[in-house]
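So the structure is just underneath, and the comments pick up after that.
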Amino acid sequence: GTSMGSIIGGLYALGYSADQLDSIIRSVNWDLVLSNSIPFNYIAYEEKGYYARYLAEFELANGKLQLPSGLIEGQVLGDNLTRFTWPSNKYTDFDEFPIPFRCVATDVSTGKPIVFKEGSLAKAIRASMAIPTAFTAVDLDTTLAVDGGVVDNFPVEEVINMGADIVIGVSVGDGLKSAYDLEGMSQILFQVSMLPSLTRMETLIEQCGIYIRPDLKDNSTASFGKYAEILDLGYAAGDAHRSDFRKLADSLGLTAKPVQGLKITDVRYKVGEIVVKGQDQSHSKLILSKLGIKVGDLISYNNLEKGIESVFGTTHFAKVASELEPVEGTDMYRLTLIVREKESTLMKAAFHYDNVFSAGIVLNLTFRELLGKSSRTILLGDISKNPKMRVDYLKYIGKKQNLALHATYDYSSEQIPNYNKGKLEDIEVSYENQLALGFITTQSLGHSFYVGGLYRLLNQKFKFNNITPEGLKNGQFNVASLDLNYQSNTLNDRNYPTFGKEIAVLGRFSFYNDYQVKYDKGVDVIYIPLDLFGTIIEWPLTEEDFNNLIIDPFTPDRYGTLSVRYRQFINVSPYFQLIPLISSGITISESPEGSLFYNYRIGGFQRVKYDDVPFVGLNTYEADYDNFFIGGLFLQNVILKNFFLKYGANLLLPHDHVPVNDLKSLGTKQFTDEAMLGYGAELTYKSFLGPVNLGLGNNTVDGRFRFYLSIGFSLNYSD
Numbered sequence: 008g009t010s011m012g013s014i015i016g017g018l019y020a021l022g023y024s025a026d027q028l029d030s031i032i033r034s035v036n037w038d039l040v041l042s043n044s045i046p047f048n049y050i051a052y053e054e055k056g057y058y059a060r061y062l063a064e065f066e067l068a069n070g071k072l073q074l075p076s077g078l079i080e081g082q083v084l085g086d087n088l089t090r091f092t093w094p095s096n097k098y099t100d101f102d103e104f105p106i107p108f109r110c111v112a113t114d115v116s117t118g119k120p121i122v123f124k125e126g127s128l129a130k131a132i133r134a135s136m137a138i139p140t141a142f143t144a145v146d147l148d149t150t151l152a153v154d155g156g157v158v159d160n161f162p163v164e165e166v167i168n169m170g171a172d173i174v175i176g177v178s179v180g181d182g183l184k185s186a187y188d189l190e191g192m193s194q195i196l197f198q199v200s201m202l203p204s205l206t207r208m209e210t211l212i213e214q215c216g217i218y219i220r221p222d223l224k225d226n227s228t229a230s231f232g233k234y235a236e237i238l239d240l241g242y243a244a245g246d247a248h249r250s251d252f253r254k255l256a257d258s259l260g261l262t263a264k265p266v267q268g269l270k271i272t273d274v275r276y277k278v279g280e281i282v283v284k285g286q287d288q289s290h291s292k293l294i295l296s297k298l299g300i301k302v303g304d305l306i307s308y309n310n311l312e313k314g315i316e317s318v319f320g321t322t323h324f325a326k327v328a329s330e331l332e333p334v335e336g337t338d339m340y341r342l343t344l345i346v347r348e349k350e351s352t353l354m355k356a357a358f359h360y361d362n363v364f365s366a367g368i369v370l371n372l373t374f375r376e377l378l379g380k381s382s383r384t385i386l387l388g389d390i391s392k393n394p395k396m397r398v399d400y401l402k403y404i405g406k407k408q409n410l411a412l413h414a415t416y417d418y419s420s421e422q423i424p425n426y427n428k429g430k431l432e433d434i435e436v437s438y439e440n441q442l443a444l445g446f447i448t449t450q451s452l453g454h455s456f457y458v459g460g461l462y463r464l465l466n467q468k469f470k471f472n473n474i475t476p477e478g479l480k481n482g483q484f485n486v487a488s489l490d491l492n493y494q495s496n497t498l499n500d501r502n503y504p505t506f507g508k509e510i511a512v513l514g515r516f517s518f519y520n521d522y523q524v525k526y527d528k529g530v531d532v533i534y535i536p537l538d539l540f541g542t543i544i545e546w547p548l549t550e551e552d553f554n555n556l557i558i559d560p561f562t563p564d565r566y567g568t569l570s571v572r573y574r575q576f577i578n579v580s581p582y583f584q585l586i587p588l589i590s591s592g593i594t595i596s597e598s599p600e601g602s603l604f605y606n607y608r609i610g611g612f613q614r615v616k617y618d619d620v621p622f623v624g625l626n627t628y629e630a631d632y633d634n635f636f637i638g639g640l641f642l643q644n645v646i647l648k649n650f651f652l653k654y655g656a657n658l659l660l661p662h663d664h665v666p667v668n669d670l671k672s673l674g675t676k677q678f679t680d681e682a683m684l685g686y687g688a689e690l691t692y693k694s695f696l697g698p699v700n701l702g703l704g705n706n707t708v709d710g711r712f713r714f715y716l717s718i719g720f721s722l723n724y725s726d
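Residue numbers (my numbering): 8 to 726.
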């Protein structure tokens, strides 16, 4: 077989039945296979924050843009081929298959055909179907290989050379088309690339005893998503030759026999050696640690797939493939990992807009090994009306590299609308610097523990001064804390999830809290209105007096916070999901009521920062509380593959701070008196710019509708 024929021919020769091939084709996620993406739950936890949130990604070498040999590298494609060809590893060559097999690729160096008859079946098939410019070429160590259709799209002569007396051929093309029948540049390029092969089609067809040409209507080599229609057309074409098959079987004295098919779950191999090719030596420990397979292990395909996912999930590599071959004189196999490392410098870009924080362009520069071996450094910026910047440094440490040193610096300048019952009252202008340093576990794709320190410096003022006295420049908040977090994320997609869950337990001990106000330059005294026995007087306060008399009494001593988040997508069907969610947070302190804690900020459809709390029915940051509980249930309908409609309700139960030495005053009255039921809907469209979100919410307290619109990928924790 050649190209798609190599897949069907190879699997059939290996022992798969026609029914199994039908099931395989229908079960494959072709959108994912024909992309350079992998499911979000395959990404290492420490890299999830930067995956699937850019419009474009480029590799840079010596400051120059590197272009791939094709649009699709196809990690998931390779994984699928490895899975379905797993039983072939026990054979030394393709003649040992239940049905002898050959497939054809094209040598890029010489332009001559390469006929595969031994080695890795998955690699042979991948080379045979590597349509030039569409799929990247396959590295065979000594040369590169692309689609065999360039030189031999219908390998009838190869079958005859194998000893076939009667040839049954299936082709989805008859040969050259008239230039005027070619539609668009892609069809012209495709025909030009296949000229050496297509000019021989008529001669090759004449050598077939039975020639089958399905009428594919308007479908083409790019119509993978229309597999159901193409299968039906193929069945119809085969059925038209049913009498020919019967005559041939009768002439050969053949009788129908049930086909048992093939099971890959029962096939295991014992690993006698592990070899890694294509990597910098400094990455060997990381690769072997993530692989999780040792010499002597008896592995199934599931074991290998999990290991490959973990290695690729680090996002260090453009491709991770594997090969198994018998170790001569033993019952064990050599496991070879073939990796293609990304260039040490990557550039990524995205665009975003939302009706809260305006529009912007996000730029990302990612460096590998810039500051030490087994490290990555990210410089990230959001060029917008509300600019942001981040420096993120991660270095794997330890013998197995299951731990990493993680340091981040974040700067943000935000103009945040302040609302009262849905009405805009003022704009809070904040400038925040945040520095974090800690350790994160890296052994899992789905969860991680973190322990570290955090320092925040926040300068805050109000744009229209409706709240603060005239002459007061801003408030300055210095907070230092220790964090202990557990985080889990098994969602299948960052932007359009349909199954999986998120869990976070965030513990924080704020041991240093310094709050101050600053006066405008040249202002020595401001006047505070004071009611003295029914008479309003203007009380003069210096900056020092203001801080000592007004700010210090409300500055909390050391205090702790503990919050829990849970959200799950329960996949009832591919088109319908249930989304239960729970969020809660408490503040633990002996400081008196009214103390100014770093409150939980609640509201909106998005999460600007990790510790923000979304709530449908309020605007972003519309509420903040010391203690709260939120429970909700939403439903999601997937419409026409690219539209995701979520709708439902959530309940907010807030409570002000209660000192730990006065817990007897804690009651349910405030919970019930200030309870709020929010409800609404959000429609997400999967566009080429990224997610387009349109949200509408309301609540039972003020009855005002809140509107939300966002487009593209921002620097927010979630859009």
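The C-beta atom is built at its ideal place from N, Cα and C for all residues, glycine as well.
In this text, all values refer to a predicted model and were calculated from it rather than measured experimentally.
Coil, strand or helix - residue i by DSSP
i      : result
Ser517 : strand
Ala112 : strand
Arg463 : strand
Met208 : helix
Thr89  : helix
Gly702 : strand
His290 : helix
Glu597 : coil
Ile29  : At residue 29 the sequence reads Asp, which differs from the Ile that was named. Of the three classes helix, strand and coil, the one that applies to Asp29 here is helix, per DSSP.
Ile557 : helix
Glu681 : coil
Leu295 : helix
Gln523 : strand
Asn48  : helix
Arg565 : coil
Ser495 : strand
Gln643 : strand
Gln267 : coil
Glu66  : strand
Gly429 : coil
Asn409 : coil
Pro476 : coil
Val163 : helix
Rounded separation between residue i and residue j - CA only
i      : j      : result
Asp490 : Thr373 : 26 Å
Arg3   : Met208 : There is no way to answer for residue 3, as the model of the chain reaches only from 8 to 726.
His359 : Asn626 : 19 Å
Leu67  : Ser351 : 7 Å
Gly279 : Tyr340 : 5 Å
Gly719 : Lys355 : 14 Å
Tyr98  : Val334 : 12 Å
Leu701 : Gly8   : 48 Å
Gln27  : Val177 : 19 Å
Gly303 : Phe636 : 51 Å
Phe506 : Tyr573 : 14 Å
Ile558 : Leu465 : 15 Å
Leu537 : Ile609 : 33 Å
Glu545 : Val524 : 19 Å
Bridge-paired residues (DSSP) for residue i
i      : result
Tyr686 : Ala656, Asn705
Ala487 : Tyr462, Tyr519
Val532 : Thr549
Ser419 : Lys395, Glu439
His662 : Asn634
Thr542 : Leu539
Residue-chain proximity (residue i, chain C), Cβ-Cβ < 8 Å
i      : result
Leu128 : No chain C appears in this structure, which consists of one protein chain only.
TODO: Check whether the segment 312–332 touches the segment 35–55, taking contact to mean three or more Cβ pairs, one atom from each stretch, closer than 8 Å.
DONE: yes
Open item on the list: Under 8 Å: do the segment 499–519 and the segment 563–577 share three or more Cβ pairs, one atom per stretch?
Closed with: yes
Open item on the list: Pairs of beta-carbons, one from the segment 571–587 and one from the segment 523–538, closer than 8 Å: are there three or more?
Closed with: no
- [ ] Let me know the alpha helix (DSSP H) ranges lying completely inside the segment 119–143, each 4 residues or longer, listed in chain order.
- [x] 128–135
TODO: Just list the beta strand (DSSP E) runs in the segment 335–381, keeping only unbroken ones of 3 residues or longer that don't cross its boundaries, in chain order.
DONE: 340–348, 352–361, 365–375
- [ ] Specify whether the segment 704–714 and the segment 680–693 touch according to this definition: at least 3 beta carbon pairs, one from each stretch, less than 8 Å apart.
- [x] yes
Task: At least 3 beta-carbon pairs within less than 8 Å: the segment 169–179 vs the segment 130–143 - done: no
Task: Three CB pairs or more closer than 8 Å across the segment 662–672 and the segment 689–696 - done: no
Task: Segment contact flag, the segment 434–445 with the segment 297–316, C-beta cutoff 8 Å, min 3 pairs - done: no
Open item on the list: Pairs of beta-carbons, one from the segment 29–36 and one from the segment 233–244, closer than 8 Å: are there three or more?
Closed with: yes
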